[in-house]
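These notes concern the structure reproduced below.
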Amino acid sequence: MGNIPGICWGFQLLILFVHHCYGFYLPGSYMHTYSTKDAIYAKVNSLTSIETELPFSYYGLPYCKPMGGIKKSAENLGELLMGDQIDNSPYRFRMNVNESLYLCTTSPLNEREVKLLKQRTRDLYQVNMILDNLPVMRITKQNGVNIQWTGFPIGYTPPNSNDDYIINHLKFKVLVHEYEGSGVQIIGTGEEGMGVISEADKTKASGFEIVGFEVIPCSVKYDPEVMTKLHMYDNISSVNCPLELDKSQIIREQERISFTYEVEFVKSDIRWPSRWDAYLKMEGSRVHWFSILNSLMVITFLAGIVFVILLRTVRRDLTRYEELDKEAQAQMNEELSGWKLVVGDVFREPNHSKLLCIMIGDGVQIMGMALVTIVFAALGFMSPASRGMLLTGMIILYLFLGIAAGYVAVCLWRTLKGTAEGWRSLSWSVACFFPGIVFVILTALNFILWGSKSTGAIPISLYFILLSLWFCISVPLTLLGGYLGTRAEPIQYPVRTNQIPREIPARKYPSWLLVLGAGTLPFGTLFIELFFILSSIWLGRFYYVFGFLLIVLLLLIIVCAEVSVVLTYMHLCVEDWRWWWNAFFASGSVSLYVFLYSINYLVFDLQSLSGPVSAVLYLGYSMIMAVAIMLATGTIGFITSFYFVHYLFSSVKID
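Residue numbers (mature numbering (1 follows the signal peptide of the UniProt record, and there is no 0)): -23 to -1, 1 to 632.
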């Protein structure tokens, strides 16, 4: 089994180098090529809004249904958790055939349907349509600049009007590229599986590939008496989008709405590997670089402080200390102050040591998950074409990193206690601590989503799947990690601990104030990237600058380590030997600033977010994010400080 990853990597490298190719495309789904007049059906995802953040089913509104009935697409774990519900739709396209078609006419709208349509329209809900795995894109002009949006609105409300109008005519433009098997090697990692177009398949693969999907939404008033005589997919004359309201389709009771669409196929020079570029255009790259340069300045400043502490102060003190004989050392100890005086207390067991071990174990698990996920995403393995892949990958990684969590927690427990007794209870606690917090928050939010009848609510079946993954994979692996921790060589303290604790001198200011202040430095490296991440989550924008995110994460790890070392040294210098929790929260306190920034983002950047339900959902998810960041960053700070203190006092000769 140990050779499988090596075989996989070897296989991928073989694909890379066996054939000469003009292009190579790793992320996304397997390329489809279509012949002229091939039928292609669009799919529809959940309706979404940046005002409510509550997704709803497309067919919850009186839209036309497919002839063969509604069929759900296979969804992965990530899609289900994100509230995606992808269904088939009646919108049919025939490759390279430009046509205008009739779909259906609704029954007279009743009071409930009118109320629902008006509410969804005023909440700015968008229809999210997908063709060949590409989301539909709408391009609008604002102040002479083209603005791109994914999806199109359900309807619109004219200014200074109480009337609402539904979008019932769609003008699609499908961009196609003619593919002639020109030596492009393609690996697909999407829902359609993995495939490589080889030399032998070139002829078979020739045809047209879809490289763009755009729409112009219109509201058109039709005569229902005329339209009901038509059948689905009957041809109609092309329609221009009316500008006059009296020619648009109003939403009111007893109205019969006719749905139509037209499609135009346009040849494009865009190649299939580049078709996502329009969606992933990196906005504000200068801002990302500014964020990284800002972080590098903070790191350089802190590295200078650490350098001074380690190479000048500590080394100088140790050299003086070692050059003295025993009598002089005893006399010097009476005169000296600082970290050397807490040599008999520095490794005294901290308060709530079990909780500390649990949090460190969970922190290792979360940080490992984040690091591996972002590395894979930066390498292109988690394309936006594979919906839910990022979240699914994170969950799977978290489950299997339970081994690392159990191992680290039990190793620390043995170091603190000197015995492995109680490791099973500790491992269980590690397996249940962070997932338990997430489970409680998600369950509370889920009741709210169920009450709102949103597709974002986690179904009962998925609850059982998540619980099964938790208790059948994560818990056993954490226990296995704990068992391995009991067999590992324990870390030996370099100095003995006195029986009677040393009194800590009174301080001018409380230590928690210094700890809180320390969190501002890691936050300074993170907050610019945090804005882009929050925008992608809550404003429906694509986030795909994982290269920048990886750099920021690595810089964050370095800053957390440096901040914690500096703060730990400052505490030891004022004869405060209770450094354990301070080291954890020195870097972990960044989570407080992340949560406060999330509230600031809610108030100033999500002003359109309406209603207490949406605000509670936002704050609930922000709380989960803050707890995860606290555990991950706190763990980095603690582990670095532990080895710093161990190194510091292992250099002191004690009889």
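All residues carry an ideal CB built from backbone N, CA and C; glycine is no exception.
Fair warning: this is a prediction, and the values are worked out from it, not measured in the lab.
Proximity to residue i [Cα-Cα], best of the options
i: residue 131; options: 187, 88, 76 and 196; result: 196
i: residue 576; options: 507, 365 and 85; result: 507
i: residue 595; options: 579, 72, 376 and 610; result: 579
i: residue 523; options: 471, 347, 464 and 322; result: 347
i: residue 349; options: 530, 127 and 240; result: 530
i: residue 224; options: 105, 199, 231 and 538; result: 199
i: residue 583; options: 15, 16, 28 and 11; result: 28
i: residue 610; options: 358, 471, 570 and 325; result: 570
i: residue 484; options: 139, 548 and 534; result: 548
i: residue 98; options: 80, 144 and 81; result: 144
i: residue 67; options: 34, 466, 80 and 76; result: 80
i: residue 501; options: 280, 574 and 443; result: 574
i: residue 586; options: 498, 101, 554 and 129; result: 101
i: residue 371; options: 380, 383, 353 and 382; result: 353
i: residue 464; options: 396, 110 and 510; result: 396
i: residue 37; options: 487, 104 and 380; result: 104
i: residue 402; options: 419, 334 and 45; result: 334
i: residue 238; options: 228, 232, 209 and 581; result: 209
i: residue 644; options: 535, 12 and 525; result: The structure shown does not extend to residue 644, since the chain is modelled only from -23 to 632, so the question has no answer here.
i: residue 252; options: 111, 125, 277 and 357; result: 111
Boundaries of the alpha helix (DSSP H) in which residue i is found, first to last residue
i: residue 16; result: First-last for residue 16: 16 to 21, but that is the beta strand (DSSP E), not the alpha helix (DSSP H).
i: residue 507; result: 497 to 515
i: residue 535; result: 523 to 550
i: residue 204; result: 201 to 204
i: residue 606; result: 589 to 627
i: residue 463; result: 452 to 464
i: residue 568; result: 567 to 581
i: residue 359; result: Unbroken run through residue 359: none, as it is neither H nor E.
i: residue 257; result: First-last for residue 257: undefined, no H or E at that position.
i: residue 90; result: 88 to 99
i: residue 56; result: 54 to 58
Per-residue burial, residue i [other beta carbons within 10 Å of its own, 16 or more giving buried]
i: residue 624; result: exposed
i: residue 243; result: exposed
i: residue 477; result: exposed
i: residue 620; result: exposed
i: residue 387; result: buried
i: residue 108; result: buried
i: residue 22; result: buried
i: residue 217; result: exposed
i: residue 160; result: The predicted position of residue 160 is uncertain, since its pLDDT is 43 and thus under 50; a value taken from the coordinates is nonetheless stated next. By the 10 Å Cβ count, residue 160 comes out exposed.
i: residue 8; result: buried
i: residue 221; result: exposed
i: residue 124; result: exposed
i: residue 118; result: exposed
Cβ neighbours of residue i in the same chain (closer than 8 Å, five flanking residues each side left out)
i: residue 365; result: 52, 53, 54, 55, 56, 57, 58, 59 and 61
i: residue 321; result: 472, 473, 474, 475 and 479
Terminal residues of the beta strand (DSSP E) in which residue i lies
i: residue 67; result: 64 to 71
i: residue 388; result: Where residue 388 is concerned, there is no enclosing beta strand (DSSP E), although the alpha helix (DSSP H) it sits in stretches over 379 to 394.
i: residue 412; result: Taken as a continuous stretch (DSSP letters only), residue 412 belongs to no beta strand (DSSP E), being part of the alpha helix (DSSP H) at 400 to 428.
i: residue 441; result: It is not in any beta strand (DSSP E) - residue 441 instead sits in the alpha helix (DSSP H) that spans 437 to 446.
i: residue 155; result: 146 to 156
i: residue 119; result: 114 to 119
i: residue 108; result: 106 to 108
i: residue 190; result: 184 to 195
i: residue 29; result: Note, residue 29: premise wrong, no beta strand (DSSP E); not H, not E.
i: residue 80; result: 76 to 82
Contacting residues, own chain, Cβ-Cβ under 7 Å from residue i (five flanking each side not counted)
i: residue 566; result: 492, 493, 495 and 496
i: residue 344; result: 609, 612 and 613
i: residue 618; result: 541, 542, 545, 556 and 560
i: residue 450; result: 376
i: residue 325; result: 474, 478 and 554
Residue i and residue j closer than 8 Å at C-beta
i: residue 655; j: residue 88; result: Outside the displayed range of the chain (-23 to 632) lies residue 655, so it cannot be described from this structure.
i: residue 202; j: residue 153; result: no
i: residue 433; j: residue 443; result: no
i: residue 20; j: residue 71; result: no
i: residue 482; j: residue 417; result: no
i: residue 285; j: residue 245; result: no
i: residue 568; j: residue 537; result: no
i: residue 240; j: residue 90; result: no
i: residue 69; j: residue 18; result: yes
i: residue 639; j: residue 455; result: One cannot answer for residue 639 here, as it falls past the ends of the chain, which runs -23 to 632.
i: residue 435; j: residue 419; result: yes
Contacts around residue i, its chain only, beta-carbon distance under 6 Å, and the 5 residues preceding and following it disregarded
i: residue 411; result: 339
i: residue 393; result: 326 and 330
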